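S.K.:
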Amino acid sequence: MTQRLYSYLKDPYLTHLPTWVLEIGELDGRPFVILNDTVFYPEGGGQPADRGRLGELRVVDVQKTDGHIRHFVDGPAPTVGTSFRAELDWSRRFDHMQQHSGQHLLTAVADRLFGWNTTSFHLGPEVCDIELDTPSVEQEQLDEIERFIGDVVREDRAISSRQVEPEFLETSNIRSRGLPPGHRGLVRIIDINGLDECACGGTHLRSTCELEAVKLLGTESIRGGTRLFWVAGRRVLDRLHRHELRNRRLRELLGAADEELPEVAELKIEQQKQARRRLQRLEQRWAQAAAEALSSRQGPWVEAHFEETGAGPLGQIARTTVEKSPDLAVFLTAEDEKGAYFVLAKGEQSEVEPAQVGPLVAKALDGRGGGKGAIFQGRASSLERRDQALAALS
Ligand SMILES: [Zn+2]
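This note's numbering numbers the first residue of the sequence shown as 117 and each following residue consecutively.
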């Protein structure tokens, strides 16, 4: 089939259009309409579908199937012949035009400066990326691409489209990643004056100055190639704005200037690690002292409760106590901000059986636990009925 020249291709700056319903249908329960002409771009070539309104209906997706453009709407499709005003979500579309034209320019410059081919393009809601057929990219090369693009933006080069015969592609230098299956008829070419020609069905800016800027963000390796992340147009300022807000917050939190933020953050993390290690050492010494005190008491059961103590130190106190006094058994509980814990442990010469009384204690504390032989430990839902747990020991 031949490619029909819809209004969104004839004039990508057209934001609304009087139109009427040619055909209606449904796909997987989603109603759609086909119009006699449209300003809505259907998803394709890396560029997402447009959004907007058809009269009162919201257009939630636009897809091209067998040459027909299906406008999926958020309500029952109107009858065939209904006419209304198609209204484009222009700020979303203009953003897509900035990103897509930015991609053409970026691809052309990467090829011109370093001979890298672009093998795919993805226009994300926040960030765009292209895949380049090079295993690695240096920061200096990214800087050079960015500077070159900046020059082209300032040169205010015209971006235009025209239609050519498909055979023309084979004999020209026009970039093309192959025509879509079933394509017949003329092929649309996007031309950045004096710099690049590319077969493309997308919507584009009319001049490089409307790109405002292109900022390369970073790369990652992928299947022998390199994925390059970037943003163009208004997204550059939006991103800078978010960076500034984040930096301001970090400056307040860390009490440092922008340039010092990474070093100050590194220092704070190191200090925190040291403090944690010191806390662990103190906790161990404290557990040792607590076990010392418990081991001097009389059995057969010794019990104690510890506030602001976790399951780890609690187990350590229990084990150390019965090591020091093998004729004792201990029942210990503790609580910290994460929950409540209990432990039962017996020394070698103690005759009580933690594994037998453990489940009774767990039940009294509405908790769960486990263990075999000399130790039984677990978590408690609450320590309110600690007295009942104590009663279960005897
Ligand atoms: Zn394109």
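In this text, a Cβ means the ideal position worked out from N, Cα and C, and glycines have one as well.
Source: prediction; values computed, not measured.
If you draw a straight line from the C-alpha of E513 to the C-alpha of R502, how long is it?
M.R.: Residue 513 cannot be examined here, being either before or after the span of the chain that is shown, 117 to 510.
S.K.: List in chain order: all unbroken alpha helix (DSSP H) runs of 4+ residues lying wholly within the segment 233-294.
M.R.: The qualifying runs are 255-270 and 282-287.
S.K.: Would you list the residues sitting across from P134 in a DSSP beta bridge?
M.R.: Taking the sequence shown and counting its residues from 1, the one referred to as residue 134 is at position 18. Beta-bridge pairing links P134 to R201.
S.K.: CB A224 to CB D354, shorter than 7 Å?
M.R.: One-based indexing of the sequence shown puts residue 224 at position 108. One-based indexing of the sequence shown puts residue 354 at position 238. The answer is no: Cβ separation not under 7 Å.
S.K.: For A202 and E376, what's the separation of their Cα atoms in angstroms?
M.R.: Residue mapping note: residue 202 aligns to position 86 of the sequence shown, counting from 1. Residue mapping note: residue 376 aligns to position 260 of the sequence shown, counting from 1. For A202 and E376, the distance between alpha carbons rounds to 52 Å.
S.K.: By Cβ distance below 8 Å, which residues in the same chain neighbour S498 in space, the five residues on each side in sequence not counted?
M.R.: On the sequence shown, position 382 is the one that residue 498 refers to. Result list for S498: A456, L481 and D482, in chain order.
S.K.: Between the C-alpha atoms of V268 and A391, what's the straight-line distance to the nearest angstrom?
M.R.: On the sequence shown, residue 268 is found 152 positions in, with the first residue counted as 1. On the sequence shown, residue 391 is found 275 positions in, with the first residue counted as 1. So the two alpha carbons sit approximately 54 Å from each other.
S.K.: Enumerate, from N- to C-terminal direction, the unbroken alpha helix (DSSP H) stretches of 4 or more residues contained entirely within the segment 372-453.
M.R.: Runs of the alpha helix (DSSP H) inside the segment 372-453: 377-411 and 427-440.
S.K.: Cβ of C316 within 6 Å of any heavy atom in ligand 1?
M.R.: The residue you call residue 316 lines up with position 200 of the sequence shown. Yes, since a heavy atom of ligand 1 falls inside the 6 Å radius drawn around the Cβ of C316.
S.K.: CB N152 to CB T135, shorter than 7 Å?
M.R.: Here residue 152 is taken as the residue at index 36 of the sequence shown, counted from 1. Here residue 135 is taken as the residue at index 19 of the sequence shown, counted from 1. Cβ distance < 7 Å, so N152 and T135 count as in contact.
S.K.: Is G191 near ligand 1, going by C-beta to nearest heavy atom under 6 Å?
M.R.: Locating residue 191 in the sequence shown gives position 75, where the first residue counts as 1. It does not: the Cβ of G191 is nowhere closer than 6 Å to a heavy atom of ligand 1.
S.K.: Just checking my contact of G463 with V438 at CB under 8 Å: how many whole Å lie between their CB atoms?
M.R.: As a position in the sequence shown, residue 463 is number 347, starting the count at 1. As a position in the sequence shown, residue 438 is number 322, starting the count at 1. With 8 Å as the limit, G463 and V438 qualify as a contact, their Cβ atoms being about 4 Å apart.
S.K.: Hey, R146 and D205 are a contact pair by Cβ (cut 8 Å); roughly how many whole angstroms apart?
M.R.: Position 30 of the sequence shown, counted from the start, is the residue given in the question as residue 146. Position 89 of the sequence shown, counted from the start, is the residue given in the question as residue 205. Their Cβ separation, rounded to whole angstroms, is 19 Å, which puts R146 and D205 out of contact at 8 Å.
S.K.: Going by beta carbon distance, what residues of the same chain come within less than 7 Å of R484, once the five residues before and after it are set aside?
M.R.: In the sequence shown, residue 484 corresponds to position 368, counting from 1. Counting only Cβ-Cβ distances below 7 Å, and skipping sequence neighbours, we find A478, G494 and R495.
S.K.: Roughly how many angstroms separate the alpha carbons of E423 and G415, rounded to a whole number?
M.R.: Stepping through the sequence shown from its first residue, residue 423 is reached at position 307. Stepping through the sequence shown from its first residue, residue 415 is reached at position 299. Their backbone Cα atoms lie some 23 Å apart in a straight line.
S.K.: Using alpha carbons as the reference points, say which of K180, E368, L170 and D144 lies closest to G160.
M.R.: The residue you call residue 160 lines up with position 44 of the sequence shown. Nearest of K180, E368, L170 and D144 to G160, Cα basis: K180.
S.K.: Mapping the DSSP letters down to three states, classify Q179 as helix, strand or coil.
M.R.: Taking the first residue of the sequence shown as position 1, residue 179 is located at position 63. Reduced to three states, the DSSP call for Q179 is strand.
S.K.: Run the CB neighbour count on P192, radius 10 Å, all protein chains shown included, and call it buried at 16 or more, exposed below.
M.R.: Taking the sequence shown and counting its residues from 1, the one referred to as residue 192 is at position 76. Exposed.
S.K.: According to DSSP, is M117 part of a helix, a strand, or is it coil?
M.R.: Mapped onto the sequence shown, residue 117 falls at position 1. The predicted position of M117 is uncertain, since its pLDDT is 39 and thus under 50; no value can be drawn from it.
S.K.: I'd like the span of the alpha helix (DSSP H) that includes Q472, first residue to last.
M.R.: Within the sequence shown, residue 472 is the residue found at index 356, counting from 1. That run of the alpha helix (DSSP H) goes P470 to A480.
S.K.: Mind reading off the beta-carbon distance from L509 to W417? Whole number of angstroms is fine, and I expect it under 8 Å.
M.R.: Here residue 509 corresponds to residue number 393 of the sequence shown, with the count starting at 1. Here residue 417 corresponds to residue number 301 of the sequence shown, with the count starting at 1. L509 to W417, Cβ: 5 Å. Contact.
S.K.: Which residues in the same chain have their Cβ closer than 6 Å to the Cβ of A505, if we skip the five residues on either side of it in sequence?
M.R.: The residue you call residue 505 lines up with position 389 of the sequence shown. Closer than 6 Å at Cβ, skipping near neighbours: V477, A480 and L481.
S.K.: Less than 7 Å between the C-beta atoms of Q215 and L248, yes or no?
M.R.: Locating residue 215 in the sequence shown gives position 99, counting from the first residue. Locating residue 248 in the sequence shown gives position 132, counting from the first residue. No, the Cβ-Cβ distance between Q215 and L248 is not below 7 Å.
S.K.: On the CB-based measure, 16 or more other CB atoms within 10 Å of its CB, does L173 come out buried or exposed?
M.R.: In the sequence shown, residue 173 corresponds to position 57, counting from 1. So L173 ends up on the buried side.
S.K.: Compare the C-alpha of T335 against each of Q257, F264, E326 and K488 and name the closest.
M.R.: Counting from one through the sequence shown, the residue named residue 335 turns up at place 219. If we check each option's Cα against that of T335, Q257 comes out closest.
S.K.: Under 6 Å: does the beta carbon of G334 sit that close to some heavy atom of ligand 1?
M.R.: Looking up residue 334 in the sequence shown gives position 218. For ligand 1, not one heavy atom lies less than 6 Å from the Cβ of G334.
S.K.: Does the segment 346-361 touch the segment 326-333, meaning 3 or more C-beta pairs lie closer than 8 Å?
M.R.: Yes, the segment 326-333 touches the segment 346-361.
S.K.: Look at the Cβ atom of F188, then the Cβ atom of V196, and state whether they are nearer than 7 Å.
M.R.: Here residue 188 corresponds to residue number 72 of the sequence shown, with the count starting at 1. Here residue 196 corresponds to residue number 80 of the sequence shown, with the count starting at 1. No, these two residues do not count as a Cβ contact at 7 Å.
S.K.: Kindly confirm or deny that the segment 361-368 and the segment 271-278 touch, where touching means at least three C-beta pairs closer than 8 Å.
M.R.: No: fewer than three Cβ pairs fall under 8 Å.
S.K.: Here's the rule: buried if 16 or more other CB atoms are within 10 angstroms of the residue's CB, otherwise exposed. What is A507?
M.R.: Sequence index remark: in the sequence shown, residue 507 carries index 391 (1-based). It counts as exposed.
S.K.: Decide if Q163 is buried, meaning its Cβ has at least 16 other Cβ atoms within 10 Å, or exposed.
M.R.: Translated into positions along the sequence shown, residue 163 becomes position 47. With 16 or more Cβ atoms within 10 Å of its Cβ, Q163 is classed as buried.
S.K.: Verify the contact flag: G161, CB atom, against every heavy atom of ligand 1, threshold strictly below 6 Å.
M.R.: Taking the first residue of the sequence shown as 1, we reach residue 161 at position 45. It does: the Cβ of G161 is within 6 Å (strictly closer) of some heavy atom of ligand 1.
S.K.: From R394 to A407, what does the alpha carbon distance come to, in whole angstroms?
M.R.: Taking the sequence shown and counting its residues from 1, the one referred to as residue 394 is at position 278. Taking the sequence shown and counting its residues from 1, the one referred to as residue 407 is at position 291. Spanning the two alpha carbons is a distance of roughly 20 Å.
S.K.: Assign D211 to buried or exposed, taking buried as 16 or more other Cβ atoms, counted over all protein chains shown, within 10 Å of its Cβ.
M.R.: Taking the sequence shown and counting its residues from 1, the one referred to as residue 211 is at position 95. So D211 counts as buried.
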